[in-house]
Each structure stands twice: as structure tokens, then as C-alpha cells.
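K.L.:
Before we start, here is the structure in question, set down as C-alpha cells.
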Amino acid sequence: MQQALEQPDVIGSEFVSFFVGDQSFCLEISQIREIRRWSPATVLPHAPDYVLGVINLRGSVIPVFDLSARLGFGKLTPDERNVIIIAAIGDQMIGMLVDSVSEILSLDPDAIQPRPNIGDEEVISYIQGFASVDDDITRLIDLEAILSPSSKLVAE
Amino acid sequence: MSAPNTIRDTFFEECDELLEALTDGLSELEDGTATDDTVHAIFRAVHSIKGGAGAFSMDAIVAFAHAFETVLDLLREGKIVLDSGLLAVLQHSSDHLNNLVEDGRSGTNRADSGTTSILASLETYLGDTVKAGIDDQSDDFGFEAITFSLDEPIVTEEPGRTTFEIEFTPTADLLKNGHEPELLLDALADLGTVSVRVETASVPDLRKLDWQNLYLSWHLALETTADEDQIREVFEFVEDLCDLDIAELTKESAVFDIPTDADADLETDDTDTLPVQETKPRAAAPAKKTLRVDLDRVDRLVNVVGELIINQARISQLIDEAEISSSSGLPSELEAYQNLAREIQEGVMSIRAQPIKPLFQRMSRVVRETMMASNKKVRLLTDGEGTEIDKTVIERIADPLTHMIRNAVDHGIEPSEKRVAAGKDATGNIRLTATHRSGHVIISISDDGAGLNRAKILETAMSKGLVPQDAELSNSEIDNLLFLPGFSTAVEVSDLSGRGVGMDVVKNAITSLGGRMSITSAPGKGSTFSIVLPLTLAVLDGMIVQVADQTMVIPISSVLETIRPTVRDLDAIGTKNWMLRIRGLNVPIFDVATQLGLRAQPIDYKDQVLLLVEAEGLGQFALAVDDLSDQRQVVIKGLDGNYGAIPGISAATILGDGKIALILDPDTLTMSAKPGVHSPHMTTPKGEALHAASA
Amino acid sequence: MKTKVLAIDDSRTIRDLLRMSIEAAGFEFFDAVDGVDGIARYNEVKPDVVITDINMPNLDGFGVIDGIRTGTENQNVPILVLTTESAVTLKKRAREAGATGWIVKPFEDESLITVLKRVAGA
Chain F
1 MQQALEQPDV
11 IGSEFVSFFV
21 GDQSFCLEIS
31 QIREIRRWSP
41 ATVLPHAPDY
51 VLGVINLRGS
61 VIPVFDLSAR
71 LGFGKLTPDE
81 RNVIIIAAIG
91 DQMIGMLVDS
101 VSEILSLDPD
111 AIQPRPNIGD
121 EEVISYIQGF
131 ASVDDDITRL
141 IDLEAILSPS
151 SKLVAE
Chain E
1 MSAPNTIRDT
11 FFEECDELLE
21 ALTDGLSELE
31 DGTATDDTVH
41 AIFRAVHSIK
51 GGAGAFSMDA
61 IVAFAHAFET
71 VLDLLREGKI
81 VLDSGLLAVL
91 QHSSDHLNNL
101 VEDGRSGTNR
111 ADSGTTSILA
121 SLETYLGDTV
131 KAGIDDQSDD
141 FGFEAITFSL
151 DEPIVTEEPG
161 RTTFEIEFTP
171 TADLLKNGHE
181 PELLLDALAD
191 LGTVSVRVET
201 ASVPDLRKLD
211 WQNLYLSWHL
221 ALETTADEDQ
231 IREVFEFVED
241 LCDLDIAELT
251 KESAVFDIPT
261 DADADLETDD
271 TDTLPVQETK
281 PRAAAPAKKT
291 LRVDLDRVDR
301 LVNVVGELII
311 NQARISQLID
321 EAEISSSSGL
331 PSELEAYQNL
341 AREIQEGVMS
351 IRAQPIKPLF
361 QRMSRVVRET
371 MMASNKKVRL
381 LTDGEGTEID
391 KTVIERIADP
401 LTHMIRNAVD
411 HGIEPSEKRV
421 AAGKDATGNI
431 RLTATHRSGH
441 VIISISDDGA
451 GLNRAKILET
461 AMSKGLVPQD
471 AELSNSEIDN
481 LLFLPGFSTA
491 VEVSDLSGRG
501 VGMDVVKNAI
511 TSLGGRMSIT
521 SAPGKGSTFS
531 IVLPLTLAVL
541 DGMIVQVADQ
551 TMVIPISSVL
561 ETIRPTVRDL
571 DAIGTKNWML
581 RIRGLNVPIF
591 DVATQLGLRA
601 QPIDYKDQVL
611 LLVEAEGLGQ
621 FALAVDDLSD
631 QRQVVIKGLD
641 GNYGAIPGIS
651 AATILGDGKI
661 ALILDPDTLT
671 MSAKPGVHSP
681 HMTTPKGEAL
691 HAASA
Chain X
1 MKTKVLAIDD
11 SRTIRDLLRM
21 SIEAAGFEFF
31 DAVDGVDGIA
41 RYNEVKPDVV
51 ITDINMPNLD
61 GFGVIDGIRT
71 GTENQNVPIL
81 VLTTESAVTL
91 KKRAREAGAT
101 GWIVKPFEDE
111 SLITVLKRVA
121 GA
């Protein structure tokens with residue numbers, strides 16, 4: 001018997017871009033469940049500094065990361081202007097605090113360039129690639145890396 | 001052939017059910033509660049597995065199931081008698097079939113090597129005659145059997161083709177002379193289209209059928225352009241060995257008249273007009289009606305119901321705050337609403353919950369297999385088979401449990417001679433139990449073996465550099481060394497429990513489910529391994545507490561007493577540690593906020609509320625919280641999936657105001673303060689088991 | 001109107017497989033989970049062709065054939081027996097009991113449909 005075909009890693013062409021530390025990042029739109037205004041999270045004990053805590057998303061308890069801290073830009077002091085992007089990868093939901101959401105971009109998946117092989121800055125390991133938008137570039141977040149084992153809240 | 005994955009999934013799901021039915025049936029045979037239908041049910045289970053496996057070309061399963069069902073068939077027909085030997089073979093076969101199915105599921109072939117010996121033991125129950133049938137996997141006569149149609153007359157359209165009816169009754173001598181009816185039929189098939197019907201009326205019992213004692217005759221229809229002489233030519237060499245009748249049919253007549261004798265017999269046997277259900281009185285109780293539902297749908301429902309409960313709590317809170325008079329009838333309606341919501345929740349939870357029984361059944365197989373390989377005598381006793389646990393949890397503890405059971409047989413139980421020398425029963429006991437307690441499920445594996453060899457454990461740990469040479473460890477600390485990565489349990493890694501997996505892997509698997517493990521052991525008396533698992537969705541009676549400006553919940557079942565201490569109740573030890581004096585006892589105080597890292601150091605305990613709790617291995621101690629509000633039921637929301645285990649926190653809940661509150665776990669709260677070798681504590685058996693998922 | 005096929009088998013796997021092949025071939029598919037259910041469905045659906053397993057709880061395949069051949073409106077409906085048996089005897093017995101033909105499990109889609117078409121005249 002053949003196993004069912006693996007879902008090919010199709011990337012759609014609509015992306016939501018947002019700012020973290022003055023730089024533009026984006027996520028493919030189907031990964032995003034919703035965008036909500038910042039509200040305080042319940043702090044988790046013994047959590048790394050990029051974990052703001054957990055929030056109640058319609059009855060589910062989901063973690064919220066400070067994307068700025070996660071990407072190595074330093075901790076954000078959240079206020080009303082900041083937003084939380086709720087994204088899903090597989091069964092797992094995650095909230096990411098970002099400075100602000102900017103726009104919805106249409107990008108040709110072919111126009112996305114692979115992750116550059118430069119330096120060992122944290123942010124490099126959390127992006128899949130980047131694409132040019134007007135005079136700027138936007139960086140495609142690698143959700144899996146964001147949630148990767150090193151991101152587990154408790155390093156035993 | 002290929003089929004989409006979903007049907008394959010269905011097949012394995014169905015296999016699980018069938019294997020469970022098989023195990024149940026065999027247990028009934030074993031304990032004498034079998035009914036007439038038991039053997040039939042067992043047969044059907046094996047048969048259905050074979051049928052499905054065939055569709056997926058799982059030849060190992062098909063071949064083995066075929067031999068298995070043949071023996072079962074003999075049993076159901078009373079050809080062989082059930083004795084303890086046969087029962088053992090059947091159980092062994094059932095275990096093996098299980099393994100083969102597992103192989104099929106995982107695409108491995110670990111069990112294949114065992115097939116030959118088990119087949120051999122099955123075959124001892126088959127007479128020579130039947131054995132021949134088993135080997136004959138390829139049936140038929142070499143032509144396409146399924147093209148045959150009895151009821152539909154073959155109407156010859158093509159000119160020059162005619163249909164002959166051939167009656168062919170070989171004598172016993174036909175075979176002795178080295179002839180194969182198969183070849184004859186093949187030859188006939190070369191002439192045109194053959195249809196065949198075998199007259200079996202003179203066969204006293206179907207299973208006795210074999211070519212040595214051929215009682216059959218063939219009624220053949222041959223649609224052909226050949227003439228009768230050419231047909232007779234085919235039978236030339238056997239003419240004296242059979243009765244042969246060849247007649248040309250007209251187009252209008254059916255290929256066969258249903259042979260009148262046999263048909264008449266059938267009609268009179270079964271009467272013609274009675275409803276079917278009555279003509280077959282061995283109808284069993286109807287199967288339980290089930291509905292297959294996509295798990296995702298259930299999970300969605302689980303989530304929505306969780307919200308309903310929270311919403312209901314919020315409404316209650318708002319109404320409370322609004323101070324509406326009770327004469328309005330609102331409070332009583334609200335209570336009814338609360339009860340309904342609770343009922344819905346319990347109903348929904350029960351959909352995901354499944355009895356642990358199939359898992360336990362699997363463990364009895366593991367015991368039998370391990371026992372056989374290690375030459376020990378072990379009896380598995382189970383308790384709490386009906387305990388219901390979340391489906392996912394059941395799936396994920398199967399491997400750890402298997403490993404622990406193997407360990408118990410392999411390392412826990414002593415060889416019979418040693419047991420007898422120690423004044424024990426030659427047969428060892430392993431007790432596997434499951435219970436609901438304090439909002440957790442506790443599964444324990446106890447053996448009455450030799451107990452842990454602490455000297456050896458310590459020596460191993462030291463030799464591997466896991467503990468310093470001069471370490472002085474308590475018994476419990478030594479026992480917990482087993483869970484350290486890199487610690488291999490046996491000095492010589494046995495084939496069974498070794499397998500390259502240590503107890504650390506087992507522990508990690510349990511931890512990833514948000515569970516904990518603990519060991520107790522007494523030299524000469526045995527060891528008990530306990531797994532404490534959270535219920536993924538459950539209701540917990542909680543006490544709402546304030547900890548460093550956060551609202552948290554502590555299970556009421558863990559709290560023995562709440563104390564607002566006075567200065568006289570508190571004694572300092574050193575500068576940071578304090579003891580609580582209570583009824584002549586002095587118990588250590590842990591500040592929850594400090595333990596959780598929410599505060600650098602404890603504030604003054606006399607301004608706090610102390611909760612007296614008890615944890616196994618730690619005895620009683622007090623937890624300091626900032627304040628205590630009310631008690632209420634909360635819905636447990638697992639944190640396990642996302643976060644790994646957080647010491648001191650077992651789960652979270654959502655309070656009436658929509659905020660998340662963490663649920664404290666007194667047993668692990670004290671761990672975070674003590675780096676190094678952690679003792680995984682067990683939940684104390686204090687208090688009533690919460691009605692959580694058991695309701 | 002589509003040819004109606006009733007498949008009676010206690011194995012979900014087999015029912016699903018049959019459904020897949022049979023619906024793909026343009027037949028209308030109905031199923032039943034055991035013999036008693038099968039007779040009930042037979043009376044309800046009035047299929048053009050019946051496929052039945054032999055070993056089933058409550059009422060086995062022979063009982064189903066008996067039931068259809070002796071106790072229902074359309075007694076001459078083609079009935080195909082599903083069998084894993086290599087033992088020829090079982091097929092013979094099915095034939096004696098009134099089966100029209102048989103299908104050996106595991107079955108190939110193609111031969112299944114060929115047989116169905118042949119016996120159902122579809």
C-alpha cells in the first residue's frame with residue numbers, strides 16, 4: 001500500500017506583512033488565524049524571556065511570544081498599539097506580539113529568495129527567505145523554527 | 001491493488017476491534033464463560049482480519065490468519081477439543097496475529113521470524129488432510145472462477161458456438177492414477193468458456209474434503225466452437241475413472257438445471273416460508289450500535305463545550321455582581337443551566353474517553369511473550385480495566401507501558417527457583433491497575449519480585465559518572481537514578497527489556513503527556529512503578545488563590561488544611577527557610593511565588609495563607625499563597641502539548657472573567673527549588689477522587 | 001436508473017473498499033453490517049445485485065442467500081458471495097445455497113466490476 005501523498009509544501013501568494021523592530025516580516029495568509037489587539041497574557045513560570053505567557057483564545061490556552069525578543073531585537077514593551085498575530089502550524093496555535101501589521105502583499109512564490117547564508121544572528125534562523133517589495137524587503141517567518149524545540153518554555 | 005489511506009486506516013481501526021474481540025473470546029474460553037457463539041466470534045474476528053489484510057496485500061497476516069482460522073474452524077465444528085494446550089496455542093497465535101497487524105501498521109516485519117514456530121504448533125492440530133488445504137493457497141482450477149454465473153443462462157450469440165453440459169463424476173481411483181481434475185478442467189477451458197458447479201451432496205463434512213477422498217462430481221457447462229468429440233478427447237485418459245455425461249444444450253434452456261436432489265434438500269431443510277431470522281436460531285445478540293465520527297469534530301465540540309462552561313461561569317459571576325434577588329427565579333434557572341452545561345460537558349468528554357481495557361489486554365500479550373522468552377512464570381493481574389482515559393493518552397502510553405511491563409517480567413520477577421528458595425510462589429505476579437484520583441489517572445505496575453538492586457544501580461550510576469563517587473543518596477534518590485539518561489538498567493542488556501531504550505525514554509514519554517513517574521521498591525518484596533497522568537479535559541474542584549498578583553488554582557483534593565498563621569506558628573531555620581508548627585509537627589513552608597520564580601524571595605509568611613498539603617516521598621508541607629478567594633469547579637486546559645512540563649504547574653483553566661489561571665501541582669512545586677536529582681512524586685491519595693472524567 | 005448494489009459484510013474495511021470500487025464504476029451502493037441487517041436492507045433497497053460475505057454475526061451468508069431466495073419479493077436476484085476461501089468447498093456450498101457466483105477476497109476492482117456487470121446485466 002502506498003501512503004497518501006505528502007501534502008506538497010505549497011506556498012500561496014498572499015502574505016500579511018508586519019513590523020518587528022523597524023523591519024518588515026511576513027507570513028503566508030493561510031497560516032494566520034486572526035489578528036487581535038494586545039491584551040495582557042498570563043505569565044508562565046520558568047519561561048524564557050521571549051514568552052509573554054498564555055492567552056485565552058476562544059477557550060483554548062495558547063502561548064504568546066514576543067517576536068521582537070524571539071528574533072533578537074530585544075523585548076518589546078507592549079501597549080495598546082501593538083497587535084498579536086495568531087498563527088497556526090499543524091494543530092499548534094501560537095500568538096506573536098508584533099509592533100504593527102502593515103499590509104497584505106501579493107507575492108509570486110518564485111520571487112521569494114531563500115534564506116541568505118550569512119552570519120549567525122538569531123533572526124536568520126527564524127526566516128525562510130525574503131522578497132523584495134518596492135524599495136524594501138520583507139522577510140518570510142519560519143513558524144516552525146519559531147516554535148522549534150529550543151522554544152519550549154521549559155528547558156529541563 | 002491500492003486504496004486510499006483512509007480505508008487502510010479503517011482496516012487497522014477495525015483490526016483493533018477484532019483483536020479485542022479475539023482476546024475477549026479467548027479469555028472466555030479460558031475462564032469457562034464461553035457460550036456457543038464464542039468460538040464463532042473468535043473465528044469471525046480472525047477471518048475478518050484475514051479478509052481485510054488480503055485487500056492490502058499483507059501476505060504475512062493473510063497466511064498466518066488462514067492457518068489460525070483453520071484450527072478455529074476445526075474447533076468450532078467439534079473436530080478438535082479445547083484443552084489447555086490448544087488454548088495456549090490459540091492465545092499465542094492471537095498474540096502473534098496482533099504483532100503481525102502491528103507490523104502491517106508500521107510497515108515493519110519484526111514478527112515474521114516468529115511465524116514458523118507458531119505455525120508449526122497450529123499445524124499439530126490439523127489432520128494431514130486439512131493441512132493440505134492450508135498449503136493450497138491458490139485455489140480454483142486455474143480459470144477465472146468469478147466469471148461464472150449460475151442463474152443467468154449463457155446465451156450463445158455467435159454462430160457456430162454451442163453449449164455443452166458435462167457431468168463429470170470421478171471415482172477415487174482417478175487421483176490414485178495420478179490425474180488432476182484441475183488439469184482436465186484447464187484443458188476444457190482451452191476449448192471455450194467453462195462454468196462449473198461441484199456436487200457436494202455426498203460430502204459428509206466440508207472440512208473433510210480432500211483429493212484423497214474425492215466424493216465430488218462436476219457439472220460443467222462449456223460454451224465452445226468445439227464439438228462433442230473434441231470434448232470427449234479431453235477426458236480420454238480418464239474415461240474409465242469417471243462417469244461422464246455430455247449433452248448439447250439448446251439456446252433456450254438454462255445452462256444448468258439446479259440439481260434437483262440437492263436443491264430439494266435445501267428447501268426442505270430450511271422450509272420455504274419462515275422468516276429468515278427464525279430459520280437460523282443461532283443469531284447472537286445484535287452488535288452494539290456505533291457511529292464513526294471524525295476525531296476533529298469531537299475535538300471541536302470539546303472546545304466549544306469548554307467555552308460554554310466558561311461562559312456559564314461568567315454569567316454566574318455577572319449575575320452575582322448584579323445582586324439580583326433570588327425571588328426573581330434567576331438563580332434557580334442559572335443553577336439548572338449550570339447543571340445542563342455540566343451534563344453536556346460530561347457527555348462530550350465521554351466521547352473521547354475510552355476504557356483502558358484494550359491496552360491492558362495488549363499488556364497481557366506482552367507478559368506472555370516476555371515470559372516465554374525469559375523462561376519465567378508470571379501472572380498478570382489487572383484492575384480498573386474500565387477506567388476511561390482520553391484516547392490520545394491511551395495511544396501515547398502504550399509504548400512506555402510495554403517497556404515497563406517487559407522490565408517487570410525481565411528484571412522484576414525472579415526465576416522460579418529463586419522465588420521458591422525465597423519462600424515465594426514459583427509464579428510471579430505483576431499487577432497492573434488503573435484508577436482515577438485527584439483529577440489524574442494513575443496507572444501502576446507492581447511486581448512481587450526481588451525489588452530494585454540499589455547497590456548495583458548506584459554502582460552503575462557511579463561507573464557511568466552520573467553521580468559522584470562519594471555521593472550519599474537516599475533510597476528514593478537511588479531508585480530515581482533509573483530515570484537518568486544514559487543509565488542502562490541491566491548489566492547485561494537483555495534482549496527483552498534492553499532494546500536500546502532506557503527508563504529515561506519512558507519517563508520522557510510520560511512527561512511529554514504532562515504526567516509523572518515514581519518508583520517504590522522494597523528488597524525481596526517487589527517494586528511498584530506508578531504513572532500519574534492528567535486528564536486532558538476534566539473538571540477539577542479547585543481553590544482559587546492569589547500568587548504574586550496572579551490568580552491560580554490549587555486542587556482542593558491536595559489541600560489538607562488552610563492556615564492563617566500567627567508568629568508563634570512559624571520557626572525560622574537559617575535566614576530563608578521557615579517551618580510551620582502544626583499540632584506538634586513541624587513542616588517546611590514553600591512560598592509558591594518564589595518556587596515559580598515570580599518573586600525573588602518569600603514575603604512574610606504571617607501575612608500569607610498557608611495550605612497544608614501532602615506529597616508522597618515528601619510527607620506534609622505547607623504552601624504559602626498571598627490570598628485565598630473562593631472554591632469552584634474549573635475546566636482543565638492542558639498545557640502539555642505546547643510547553644513541556646512546567647514544574648509546579650499541571651495545567652491551566654479559564655476563569656469566569658475570561659482570564660487564564662494556572663493550576664498548581666503541589667507535588668512538583670517543590671522540585672523547582674531543588675536542582676539535581678528530582679524525585680518524581682506521586683499524587684497523594686488524599687481526598688476523594690475527583691469526579692472529573694469518571695462521572 | 002443506476003444499478004443498485006447491496007453489499008453485506010461485517011468488515012468495515014471490506015465495505016469501504018467495495019463502496020469505493022462500486023461507486024466509481026457508476027453503481028449505486030448500499031451496505032449492511034451483518035446478515036440480519038442485510039435482509040432488512042434488501043427489503044428496503046430492493047437491489048439489483050447482492051454481494052454477501054459468508055462469515056458474519058447474527059446471520060451468515062448462507063442464511064442471507066436462503067433468506068433472499070425463500071423469503072423475499074425478488075428471489076432471483078443475482079447474489080455474489082464474497083469469500084477469502086481458497087477452499088473450493090465453500091463456494092460450492094454457496095452455489096448450492098443459491099449463490100450466483102463469487103468474488104474472491106482480495107478482489108481486483110476490474111474483476112469485481114466485470115462480475116457485477118455480468119450478473120446484474122448492467
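Chains as they are written, first to last, in UniProt numbering: chain F, 1 to 156; chain E, 1 to 695; chain X, 1 to 122.
Using N, Cα and C, we set each Cβ at its ideal position, and we do this for glycine too.
Tell me where the beta strand (DSSP E) around Ile582/E begins and ends.
P.N.:
Counting along the chain, the beta strand (DSSP E) containing Ile582/E begins and ends at 577-582.
K.L.:
I'd like to know whether the C-beta of Glu13/E is nearer than 8 Å to at least one C-beta of chain F.
P.N.:
No, Glu13/E does not count as interfacial toward chain F.
K.L.:
Can you list the residues of chain X that Ile7/E reaches, using a CB-CB cut of under 8 Å?
P.N.:
Here the neighbours are Thr13, Asp16, Leu17, Met20.
K.L.:
Express the C-alpha separation of Thr13/X and Val119/X in angstroms, rounding to a whole number.
P.N.:
For Val119/X and Thr13/X, the distance between alpha carbons rounds to 24 Å.
K.L.:
According to DSSP, is residue 699/E part of a helix, a strand, or is it coil?
P.N.:
In the structure displayed, chain E extends from 1 to 695; residue 699/E sits before or after that span and is not available.
K.L.:
In or out: Val81/E buried (at least 16 other Cβ within 10 Å) or exposed?
P.N.:
The residue is exposed, with fewer than 16 neighbouring Cβ atoms inside 10 Å.
K.L.:
Can you pull out the residues from the stretch 39-58 of chain X whose beta carbon lies closer than 9 Å to at least one beta carbon of chain E?
P.N.:
Residues passing the 9 Å Cβ filter: Ile39, Asp53, Ile54, Asn55, Met56, Pro57, Asn58.
K.L.:
So with Cβ pairs under 8 Å, would you call Arg36/F a contact of chain E?
P.N.:
Judged by the 8 Å Cβ criterion, Arg36/F is not in contact with chain E.
K.L.:
For Val61/F, which residues in chain E fall below 9 Å Cβ to Cβ?
P.N.:
Within 9 Å Cβ-Cβ: Lys637, Gly638, Leu639, Asn642, Ala651, Ala652, Thr653, Ile654, Ile660.
K.L.:
Is there a Cβ of chain E sitting closer than 8 Å to that of Leu140/F, yes or no?
P.N.:
Closer than 8 Å: no.
K.L.:
Measuring CB to CB, does Thr115/E end up less than 8 Å from Ala65/E?
P.N.:
It is not a contact, given that the beta carbons lie outside the stated cut-off.
K.L.:
Taking 6 Å as the limit between beta carbons, can you name the residues of its chain near Ala69/F, skipping five residues before and five after?
P.N.:
Excluding positions up to five away in sequence, the list reads Asp49, Tyr50, Lys75.
K.L.:
Taking the C-alpha atoms as reference points, what is the distance between Leu334/E and Leu308/E?
P.N.:
Their Cα atoms are separated by approximately 13 Å.
K.L.:
Cβ atoms of Cys15/E and Ile42/E: under 8 Å apart, would you say?
P.N.:
It is not a contact, given that the beta carbons lie outside the stated cut-off.
K.L.:
With distances taken from CA atoms, which of Ser350/E, Leu664/E, Gln469/E, Ala21/E is nearest Thr551/E?
P.N.:
When each option's Cα is compared against that of Thr551/E, the closest is Leu664/E.
K.L.:
Ends of the beta strand (DSSP E) at Val45/X?
P.N.:
Not the beta strand (DSSP E): Val45/X falls in the alpha helix (DSSP H), residues 35-45.
K.L.:
Can you confirm whether Ala673/E, when its beta carbon is compared against all beta carbons of chain F, has any partner nearer than 8 Å?
P.N.:
Residue placement at Ala673/E is poorly supported in this model, since its pLDDT is 45, which falls under 50; the coordinates are not used for a value here.
K.L.:
Quick check on Val43/F: does DSSP put it in helix, strand or coil?
P.N.:
Residue state, collapsed to three classes: coil.
K.L.:
Check whether the stretch 400-409 of chain E and the stretch 346-356 of chain E touch, using three or more Cβ-Cβ pairs below 8 Å as the test.
P.N.:
No, they do not touch.
K.L.:
My parser needs the alpha helix (DSSP H) runs of 4 or more residues fully inside the UniProt domain "CheW-like" (12-152) of chain F; what are they?
P.N.:
Qualifying alpha helix (DSSP H) stretches, in chain order: 67-70, 122-125, 143-146.
K.L.:
Would you mind telling me which residues of chain E sit closer than 9 Å to Lys105/X, beta carbon to beta carbon, in chain order?
P.N.:
Those within 9 Å of Lys105/X in chain E are Lys50, Gly51, Gly52, Gly54, Ala55.
K.L.:
Under 8 Å between C-beta atoms, does residue 215/F make it to chain E?
P.N.:
Absent from the structure is residue 215/F, since the part of chain F shown begins at 1 and ends at 156.
K.L.:
Buried or exposed: Gly104/F, going by 16 or more other Cβ atoms within 10 Å of its Cβ?
P.N.:
One point to set straight first is that residue 104/F is Ile, not Gly, in the sequence displayed. With fewer than 16 Cβ atoms within 10 Å of its Cβ, Ile104/F is classed as exposed.
K.L.:
Between the stretch 648-660 of chain E and the stretch 52-59 of chain F, do three or more beta carbon pairs fall short of 8 Å?
P.N.:
The stretch 648-660 of chain E, when compared against the stretch 52-59 of chain F, does touch it at the 8 Å Cβ threshold.
K.L.:
Just the chain F side, please: which residues come within less than 8 Å of Asn480/E by C-beta, in chain order?
P.N.:
What Asn480/E touches in chain F: nothing, since even the nearest Cβ is about 14 Å away.
K.L.:
Suppose only complete runs of 3+ residues qualify. What are the beta strand (DSSP E) ranges in the stretch 425-456 of chain E, listed by chain order?
P.N.:
Runs of the beta strand (DSSP E) inside the stretch 425-456 of chain E: 428-437, 440-447.
K.L.:
Going along the chain, which residues of its own chain have a beta-carbon closer than 6 Å to the beta-carbon of Gln546/E, five neighbours each way excluded?
P.N.:
The residues are Asp626, Asp627.
K.L.:
Secondary structure at Asn586/E, three-state DSSP: helix, strand or coil?
P.N.:
Of the three classes helix, strand and coil, the one that applies to Asn586/E here is strand, per DSSP.
K.L.:
Taking all protein chains shown into account, decide if Leu381/E is buried (16 or more other Cβ within 10 angstroms of its Cβ) or exposed.
P.N.:
Classification of Leu381/E: exposed, given that the 10 Å Cβ count is below 16.
K.L.:
Going by other Cβ atoms of all chains shown within 10 Å of its Cβ, with 16 needed for buried, is Lys2/X buried or exposed?
P.N.:
That one is exposed.
K.L.:
Assuming Gln92/F and Leu147/F make a contact with CB atoms under 8 Å, what is their CB distance in whole Å?
P.N.:
Their Cβ separation, rounded to whole angstroms, is 6 Å, which keeps Gln92/F and Leu147/F in contact under 8 Å.
K.L.:
In three-state terms, what does DSSP make of Phe87/E?
P.N.:
Here residue 87/E turns out to be Leu, not Phe, going by the sequence shown. Three-state result, Leu87/E: helix.
K.L.:
If we cut at 8 Å on Cβ distances, does Thr10/E have a partner in chain X?
P.N.:
Judged by the 8 Å Cβ criterion, Thr10/E is in contact with chain X.
K.L.:
I'd like to know if Leu596/E contacts chain F, where contact means its C-beta is closer than 8 Å to some C-beta of that chain.
P.N.:
Chain F contact via Cβ: present.
K.L.:
Can you tell me the Cα-Cα spacing of Ala145/F and Gly72/F, whole angstroms?
P.N.:
Taking the straight line joining both Cα atoms gives about 14 Å.
K.L.:
Which residues in the same chain as Asp272/E place their Cβ atom closer than 6 Å to its Cβ, once the five residues preceding and following it in sequence are excluded?
P.N.:
Below a pLDDT of 50, predicted positions are generally treated as unreliable, and Asp272/E, at 37, falls in that range; the measurement from the model is reported next regardless. Hits under 6 Å: none found.
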